[in-house]
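Read the structure below first, then the notes.
As structure tokens, this is what we get:
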């Protein structure tokens, strides 16, 4: 009887200890969030005012630039900017050469097959009069980074 009690106690203690461990999910197969935290967040930016603006000298500004700079600060990262066309930036994202892409990307963008999107952080009315939900693109499968970015957007009250 004592052996049974010891075994049951050991099993319960094991379950408690496992429950206290750091969760393994969401994960980044390529450890993007871990690499960027305290390091460098590689961000692709396309010119799409007022969300993003790329000056002739390569400097960037705009609402999404401010969001990314705030997020990077929250994880102790510096931002490495790379400007270009959306198609080029999404390809670099897919290849793992960028962590995030910004530039006025709508939630119904055709890039949704090539990138993961945050939850919409704002809603705007397009030139066609239809409401669009704006998102930030991240590499497919890098769920810890995406979740971290989503949490930041929510903490800042940015929701569509």
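In mature numbering (1 follows the signal peptide of the UniProt record, and there is no 0), the protein residues as written are -26 to -1, 1 to 134.
Just so you know, even glycine gets a beta-carbon here, dropped at the ideal spot from N, CA and C.
Local Cβ density within 10 Å of residue 106, reported as buried at 16 or more and exposed below that: Here residue 106 is taken as the residue at index 132 of the chain shown, counted from 1. Its Cβ being crowded by 16 or more others within 10 Å, residue 106 is buried.
Can you tell me whether residue -5 is buried or exposed, with buried defined as 16 or more other CB within 10 angstroms of its CB? For the purposes of this step, residue -5 is taken as the residue at position 22 of the chain shown. With a pLDDT of 48 at residue -5, under the threshold of 50, the modelled position of this residue cannot be trusted, and the question is left open.
Where residue 27 sits in the DSSP three-state scheme: Sequence index remark: in the chain shown, residue 27 carries index 53 (1-based). Three-state DSSP puts residue 27 in a strand.
Other residues of its chain near residue 136: CB distance less than 7 angstroms, five sequence neighbours each side excluded: Beyond the ends of the chain as shown, which are -26 and 134, falls residue 136; an answer cannot be given.
Give the range of the alpha helix (DSSP H) segment to which residue 49 is assigned. Within the chain shown, the letter at position 75 stands for residue 49. Element bounds for residue 49: n/a, residue is neither H nor E.
Using CA atoms only, rank isn't needed, just tell me which of 27, 94 and 3 is closest to residue 59. Position 85 of the chain shown, counting from 1, holds the residue named residue 59. Checking every option, the nearest Cα to that of residue 59 belongs to 27.
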